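Please read the structure below before turning to the comments.
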Amino acid sequence: PYQSFPSGHVACTLAAACAVGSVYPQTRGAGAVATGVIAVARLVKGAHWPLDILGGLAVGAVASSFVAGLFKMQGSWEARRR
2 PYQSFPSGHV
12 ACTLAAACAV
22 GSVYPQTRGA
32 GAVATGVIAV
42 ARLVKGAHWP
52 LDILGGLAVG
62 AVASSFVAGL
72 FKMQGSWEAR
82 RR
């Protein structure tokens, strides 16, 4: 496959799993399994190379951390505003 880096499927699945898992901690295991299943499926289908999957995991992790940081900043901004 060409032009497949990073895997958007894996990035989005991980970011969504992190978002849902931060609100509902009991779903973290299911999110990890879903991310793993998507990653393996993309490899088996031949849509991605292993490095594409690792890149997708990195993008998903960075994106979810960035959004979590924005929410923390917003909360502290609202507290200062009052």
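Numbering of the sequence shown is given in the working numbering, commencing with residue 2 and proceeding in unit increments.
Ideal placement from N, C-alpha and C gives every residue a C-beta, glycine not left out.
Owing to the predicted nature of the structure, the values given are computational and were not obtained by experimental measurement.
Proximity of P51 and L58 at Cβ, strictly below 8 Å: no
Pairwise C-alpha distance: R29 and G9: 20 Å
Counted within 10 angstroms of its Cβ, other Cβ atoms place G61 as buried (16 or more) or exposed: If you draw a 10 Å sphere on the C-beta of G61, you find 16 or more other C-beta atoms in it, and that means buried.
The stretch 31–47 in contact with the stretch 10–20 per 3-pair CB rule at 8 Å: yes
Expected contact under 8 Å - CB spacing of G47 and F6 to nearest Å: Rounded, the Cβ-Cβ distance is 15 Å, inconsistent with contact.
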